[in-house]
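>
Number of protein chains: 2
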Amino acid sequence: MYAPSLDVAGVGNAIVDVLAQADDAFLAAHSIAKGGMMLIDEAQAKSIYDAMAPGVEISGGSAANSIACIASLGGKGAFIGKVSKDNLGDIFRHDLKALGVAFDTAPLDKGPGTARCLINVTPDAQRSMTTYLGSAGYVSPADIDEHTIERSAITFFEGYLFEQPVAREAFVKACRTAKRAGRKAALTLSDAGCVDRQHTALIAFSKAHVDVLLANEREAEALFGARKLDDIAAKARTLCPLTAVTMSEKGSVLIPRDGDIVRIAAVKPERLVDTTGAGDAYAAGLLFGLAKGMSLEKCGALGALSAAEVISHFGARPQTNLRKLAVEAGIL
Amino acid sequence: MYAPSLDVAGVGNAIVDVLAQADDAFLAAHSIAKGGMMLIDEAQAKSIYDAMAPGVEISGGSAANSIACIASLGGKGAFIGKVSKDNLGDIFRHDLKALGVAFDTAPLDKGPGTARCLINVTPDAQRSMTTYLGSAGYVSPADIDEHTIERSAITFFEGYLFEQPVAREAFVKACRTAKRAGRKAALTLSDAGCVDRQHTALIAFSKAHVDVLLANEREAEALFGARKLDDIAAKARTLCPLTAVTMSEKGSVLIPRDGDIVRIAAVKPERLVDTTGAGDAYAAGLLFGLAKGMSLEKCGALGALSAAEVISHFGARPQTNLRKLAVEAGIL
Numbered sequence: 005m006y007a008p009s010l011d012v013a014g015v016g017n018a019i020v021d022v023l024a025q026a027d028d029a030f031l032a033a034h035s036i037a038k039g040g041m042m043l044i045d046e047a048q049a050k051s052i053y054d055a056m057a058p059g060v061e062i063s064g065g066s067a068a069n070s071i072a073c074i075a076s077l078g079g080k081g082a083f084i085g086k087v088s089k090d091n092l093g094d095i096f097r098h099d100l101k102a103l104g105v106a107f108d109t110a111p112l113d114k115g116p117g118t119a120r121c122l123i124n125v126t127p128d129a130q131r132s133m134t135t136y137l138g139s140a141g142y143v144s145p146a147d148i149d150e151h152t153i154e155r156s157a158i159t160f161f162e163g164y165l166f167e168q169p170v171a172r173e174a175f176v177k178a179c180r181t182a183k184r185a186g187r188k189a190a191l192t193l194s195d196a197g198c199v200d201r202q203h204t205a206l207i208a209f210s211k212a213h214v215d216v217l218l219a220n221e222r223e224a225e226a227l228f229g230a231r232k233l234d235d236i237a238a239k240a241r242t243l244c245p246l247t248a249v250t251m252s253e254k255g256s257v258l259i260p261r262d263g264d265i266v267r268i269a270a271v272k273p274e275r276l277v278d279t280t281g282a283g284d285a286y287a288a289g290l291l292f293g294l295a296k297g298m299s300l301e302k303c304g305a306l307g308a309l310s311a312a313e314v315i316s317h318f319g320a321r322p323q324t325n326l327r328k329l330a331v332e333a334g335i336l
Numbered sequence: 005m006y007a008p009s010l011d012v013a014g015v016g017n018a019i020v021d022v023l024a025q026a027d028d029a030f031l032a033a034h035s036i037a038k039g040g041m042m043l044i045d046e047a048q049a050k051s052i053y054d055a056m057a058p059g060v061e062i063s064g065g066s067a068a069n070s071i072a073c074i075a076s077l078g079g080k081g082a083f084i085g086k087v088s089k090d091n092l093g094d095i096f097r098h099d100l101k102a103l104g105v106a107f108d109t110a111p112l113d114k115g116p117g118t119a120r121c122l123i124n125v126t127p128d129a130q131r132s133m134t135t136y137l138g139s140a141g142y143v144s145p146a147d148i149d150e151h152t153i154e155r156s157a158i159t160f161f162e163g164y165l166f167e168q169p170v171a172r173e174a175f176v177k178a179c180r181t182a183k184r185a186g187r188k189a190a191l192t193l194s195d196a197g198c199v200d201r202q203h204t205a206l207i208a209f210s211k212a213h214v215d216v217l218l219a220n221e222r223e224a225e226a227l228f229g230a231r232k233l234d235d236i237a238a239k240a241r242t243l244c245p246l247t248a249v250t251m252s253e254k255g256s257v258l259i260p261r262d263g264d265i266v267r268i269a270a271v272k273p274e275r276l277v278d279t280t281g282a283g284d285a286y287a288a289g290l291l292f293g294l295a296k297g298m299s300l301e302k303c304g305a306l307g308a309l310s311a312a313e314v315i316s317h318f319g320a321r322p323q324t325n326l327r328k329l330a331v332e333a334g335i336l
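Chains as they are written, first to last, in our numbering: chain A, 5 to 336; chain B, 5 to 336.
Structure representation (structure tokens):
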């Protein structure tokens with residue numbers, strides 16, 4: 005076995021975000037659940053977009069945001085995801101490549117356009133997402149480049165894609181490839197609604213394949229059917245070697261199967277502007293640290309620091325070099 | 005003659021901006037003149053974009069930015085410009101319509117894609133622009149909707165488009181339509197290089213058609229061949245009924261043909277982040293005020309206030325309601 009030449013490979017939705025300011029009345033008028041993520045079809049996307057305020061387009065996608073943060077931390081990342089041959093696909097590809105991320109998945113030749121996530125940000129900094137998946141949902145086992153997986157310390161999946169049957173097959177292929185190569189697999193649950201709908205399958209997949217499981221409080225409750233930390237920890241330990249639960253401003257906990265719970269304090273952002281990408285950035289810090297063999301305390305601290313940077317401005321990808329911030333904070 | 009139902013109609017480049025952070029070495033490596041605007045072809049655009057940092061996409065275009073500011077000031081605006089049938093064209097159209105701006109120019113059916121302006125912003129907040137004109141340069145006399153011009157108090161042209169022969173014909177058609185309807189025409193010079201190249205034609209066009217001429221210091225020097233205010237004013241008065249010259253942090257001057265020069269102080273922004281769009285925003289304040297019949301002092305103050313908002317953040321369009329700011333400042 006050789007040492008991994010990549011830190012983390014992400015498999016996820018290739019999405020361009022459209023961020024705009026909105027108020028609660030707008031969310032109500034369009035039946036958008038505050039703080040959530042809802043899949044919409046092309047017609048719904050057109051109708052919501054037509055009604056939205058002027059927007060800003062920024063590359064997004066949960067796992068892709070994480071990989072962007074890992075690059076900003078000084079890590080080596082790769083991404084597997086499906087864009088279409090259009091302007092948004094070009095933008096998505098450029099923004100990853102410009103960070104030095106390997107992204108070689110062939111674009112979808114015919115069919116729907118590149119995915120877009122319409123993100124309405126309310127004055128309380130909450131983001132409410134409606135996603136038109138477009139080509140992003142077309143990730144298939146053929147897109148899983150085994151060489152990329154084999155040379156990545158960790159392969160990271162976003163739960164959003166778990167609902168697409170062919171993408172799920174791609175996940176399984178990637179997990180098997182990773183295991184054969186002695187590498188690790190990580191999964192973020194992405195959305196409590198998704199966990200509810202896919203509960204049995206997610207439990208089975210996690211038990212069979214996942215080394216590192218990430219969830220926020222609501223997702224953890226949906227998966228484990230428990231609210232108290234001790235209950236969550238007991239169930240999490242039966243499922244995966246390491247589980248991380250994030251709790252916004254209350255920080256996060258890391259639950260190793262064979263060790264004590266590690267509590268991580270949240271890092272207060274300079275100012276709270278837009279919570280889009282907080283979980284993605286936390287995952288990046290944690291996975292970067294794990295890929296580098298750091299202590300759980302440091303892994304969690306990197307996650308908290310990365311999340312704080314990302315919520316201090318509009319958009320889900322870092323605008324300040326995370327490695328520099330981590331060095332200044334004494335973590336790296 | 006009836007009262008105008010629109011304040012300002014803009015005729016200009018329909019462009020989506022791609023903003024990214026860069027350093028001086030990047031500008032040097034790609035022969036990009038700091039603070040300027042350079043037209044590039046598709047191959048150059050690809051080469052510069054490939055090398056650029058991750059970007060943010062925001063609708064731009066000089067006159068379109070001005071019209072967006074006029075909407076934010078509470079004015080009624082229209083825009084005439086050419087997008088293509090692609091994602092960037094959809095984004096550009098959406099972002100104007102979402103502000104209540106009338107924008108009904110038919111998209112280009114075949115040919116190049118929607119224009120993009122690659123804007124590299126250096127740590128000193130200077131923006132250096134390279135523009136691939138794409139479909140934007142295809143504005144033709146057929147796109148000049150006479151009804152829109154007839155019902156606009158002022159029709160506003162951006163000098164960038166003056167270099168496209170067919171677009172220039174469109175300008176002339178719009179000016180004649182405006183004059184027949186008893187309306188006014190305004191022109192911003194846009195770029196000193198453009199003024200140098202088109203000097204004779206710009207002098208003739210301004211004298212024949214332009215009621216309000218806008219320029220920054222460098223453009224004014226290029227057009228009038230003078231640096232001293234008295235010399236500029238003497239020449240400007242022979243050309244147009246009103247000339248405005250902006251001088252960044254030194255404020256601006258308004259030169260009426262039949263009156264004393266009015267000096268306008270600059271408004272200091274909360275913080276200086278990105279000067280993209282400063283001139284466009286100034287033009288908006290000035291033209292909005294003129295359309296509403298306000299005093300030159302107030303028109304200039306509205307311009308200065310609008311510019312200060314736009315340079316306090318990334319991107320050329322306002323993020324705060326300009327009307328609210330103007331009311332708070334006691335101008336409206």
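C-beta atoms are modelled at their ideal positions from N, C-alpha and C, and glycine is treated no differently. None of these values were measured; they are calculated from a predicted model.
1. Taking B/Arg275 as the reference, which of B/Ala55, B/Gly229, B/Phe30 and B/Asp128 has the closest Cα?
2. Per DSSP, B/Thr192 is paired with what?
3. State yes or no: is the beta carbon of B/Gly59 nearer than 8 Å to at least one beta carbon in chain A?
4. Let me know if B/His203 comes out buried or exposed under the rule of 16 or more other beta-carbons within 10 Å of its beta-carbon.
5. Please name the residue, chosen from A/Lys50, A/Ile153 and A/Gly65, that lies closest to A/Pro8 on a Cα-to-Cα basis.
6. Could you confirm whether any beta carbon from chain B is found closer than 8 Å to the beta carbon of A/Tyr53?
7. Express the C-alpha separation of A/Ala205 and B/Asp28 in angstroms, rounding to a whole number.
8. Among the candidates B/Ile207, B/Ala212 and B/Tyr136, whose CA atom is the shortest distance from the CA of B/Phe228?
9. Pull up the distance between the alpha-carbon of A/Thr135 and that of B/Gln25, whole angstroms please.
10. May I ask you to report which of helix, strand or coil DSSP gives B/Gln130?
11. Less than 8 Å between the beta carbons of B/Val15 and B/Ala178, yes or no?
12. Determine whether the Cβ of B/Ala208 lies closer than 8 Å to any Cβ atom of chain A.
13. Taking the alpha carbon of B/His151 as the reference point, which residue from B/Met133, B/Arg172, B/Asp108 and B/Arg222 has its own alpha carbon closest?
14. How is the beta strand (DSSP E) around B/Glu61 delimited, first residue to last?
15. Contact between the region 30-46 of chain B and the region 239-249 of chain B: three or more CB pairs below 8 Å?
16. Give a yes or no on whether the minimum CB-CB distance between B/Glu34 and chain A is below 8 Å.
17. Residues of chain B with CB closer than 7 Å to the CB of A/Asp99, please, in chain order.
18. At a CB-CB cut-off below 8 Å, which residues of chain B make contact with A/Ser389?
19. Since A/Ser88 contacts A/Leu112 with CB under 8 Å, what's their CB separation in whole angstroms?
20. Any residues in the region 79-112 of chain A with a beta carbon nearer than 9 Å to a beta carbon of chain B? Which ones, in chain order?
21. Note the first and the last residue of the continuous alpha helix (DSSP H) segment covering B/Asn124.
22. Please specify which runs of the beta strand (DSSP E), each continuous and at least 3 residues long, are wholly inside the region 235-294 of chain B, giving them in chain order.
23. Residues of chain A with a CB under 9 Å from the CB of B/Arg327: which are they?
24. Along chain B, in chain order, which residues have C-beta atoms closer than 7 Å to that of A/Arg131?
25. If we count the other Cβ atoms within 10 Å of its Cβ and call it buried at 16 or more, is B/Pro169 buried or exposed?
26. Do you know whose CA, among B/Thr159, B/Ala230 and B/Gly289, lies nearest B/His213's CA?
27. Which whole-angstrom value is the C-beta distance of B/Ala320 and B/Asp262, which I expect to be below 8 Å?
28. Is it buried or exposed, B/Asp195, if we count other Cβ atoms within 10 angstroms and call 16 or more buried?
29. What residues from chain C crowd round A/Arg321, counting only those whose CB sits closer than 7 Å?
30. Quick check on the DSSP output: what are the complete beta strand (DSSP E) runs of length 3 or more inside the region 44-92 of chain B, in order along the chain?
31. So, for B/Ala338: in the same chain, excluding its five sequence neighbours on each side, which residues have a beta-carbon less than 8 Å away from its beta-carbon?
32. Judging by CA-CA distance, which residue of A/Phe318, A/Leu306 and A/Ala238 is the nearest neighbour of A/Arg327?
33. Just to confirm before moving on: does the CB-CB distance between B/Asp94 and B/Ile62 stay below 8 Å?
34. Taking all protein chains shown into account, do 16 or more other C-beta atoms lie within 10 angstroms of the C-beta of B/Gly186, making it buried, or fewer, making it exposed?
35. What is the DSSP secondary structure of A/Tyr136, reduced to helix, strand or coil?
36. For the alpha helix (DSSP H) holding B/Ala29, just list the boundary residues, first then last.
Once the coordinates are examined:
1. The residue from B/Ala55, B/Gly229, B/Phe30 and B/Asp128 with its alpha-carbon nearest to that of B/Arg275 is B/Asp128.
2. Its beta-bridge partners are B/Glu162 and B/Leu218.
3. Under the Cβ criterion of 8 Å, B/Gly59 is counted among the residues facing chain A.
4. It is exposed - the Cβ of B/His203 has fewer than 16 other Cβ atoms within 10 Å.
5. Closest by alpha carbon: A/Ile153.
6. Answer yes: the Cβ-Cβ gap between A/Tyr53 and chain B drops below 8 Å somewhere.
7. Distance between B/Asp28 and A/Ala205, taken at the CA atoms: about 52 Å.
8. When each option's Cα is compared against that of B/Phe228, the closest is B/Ile207.
9. C-alpha separation (whole angstroms): 28 Å.
10. Under the three-state reduction of DSSP, B/Gln130 is assigned to coil, being neither helix nor strand.
11. Result yes, Cβ atoms of B/Val15 and B/Ala178 sit closer than 8 Å.
12. Taking 8 Å as the threshold, the shortest C-beta distance from B/Ala208 to chain A does not fall below it.
13. The candidate whose alpha carbon is nearest that of B/His151 is B/Asp108.
14. It spans Val60 to Ser63 - the beta strand (DSSP E) in which B/Glu61 sits, taken as one unbroken run.
15. Cβ pair count under 8 Å is below three, so no.
16. Here the sequence assigns His to residue 34 of chain B, which means Glu is not the residue at that position. Output row for B/His34: interface = no.
17. Chain B residues near A/Asp99: Pro58 and Gly59.
18. This structure cannot speak to residue 389 of chain A, because chain A is shown only from 5 to 336.
19. With a Cβ gap of about 5 Å, A/Ser88 and A/Leu112 count as contacting.
20. Residues of the region 79-112 of chain A whose Cβ lies closer than 9 Å to any Cβ of chain B, in chain order: Asp90, Asn91, Leu92, Gly93, Asp94, Ile95, His98, Asp99, Leu100, Lys101, Ala102 and Leu103.
21. It is not in any alpha helix (DSSP H) - B/Asn124 instead sits in the beta strand (DSSP E) that spans Ala119 to Val125.
22. For the region 235-294 of chain B, whole beta strand (DSSP E) runs of length 3 or above, ordered along the chain, are 246-250, 256-260 and 266-268.
23. What B/Arg327 touches in chain A: nothing, since even the nearest Cβ is about 15 Å away.
24. Contacts between A/Arg131 and chain B, judged by CB atoms closer than 7 Å, are missing: the closest CB pair is about 16 Å apart.
25. Label assigned to B/Pro169: exposed.
26. Closest option to B/His213, Cα to Cα, is B/Thr159.
27. With a Cβ gap of about 33 Å, B/Ala320 and B/Asp262 do not count as contacting.
28. Classification for B/Asp195: buried.
29. Included in the structure are the protein chains A and B, with no chain C among them.
30. Every beta strand (DSSP E) of 3 residues or more that sits fully in the region 44-92 of chain B is shown, in chain order, as 60-63 and 81-84.
31. In the structure as shown, chain B starts at 5 and stops at 336, and residue 338 of chain B therefore has no counterpart that could be examined.
32. Ranking A/Phe318, A/Leu306 and A/Ala238 by Cα distance to A/Arg327 puts A/Leu306 first.
33. For B/Asp94 and B/Ile62, no; Cβs fall outside 8 Å.
34. So B/Gly186 ends up on the exposed side.
35. Residue state, collapsed to three classes: strand.
36. For B/Ala29, the uninterrupted alpha helix (DSSP H) segment begins and ends at Asp28 to Ala33.
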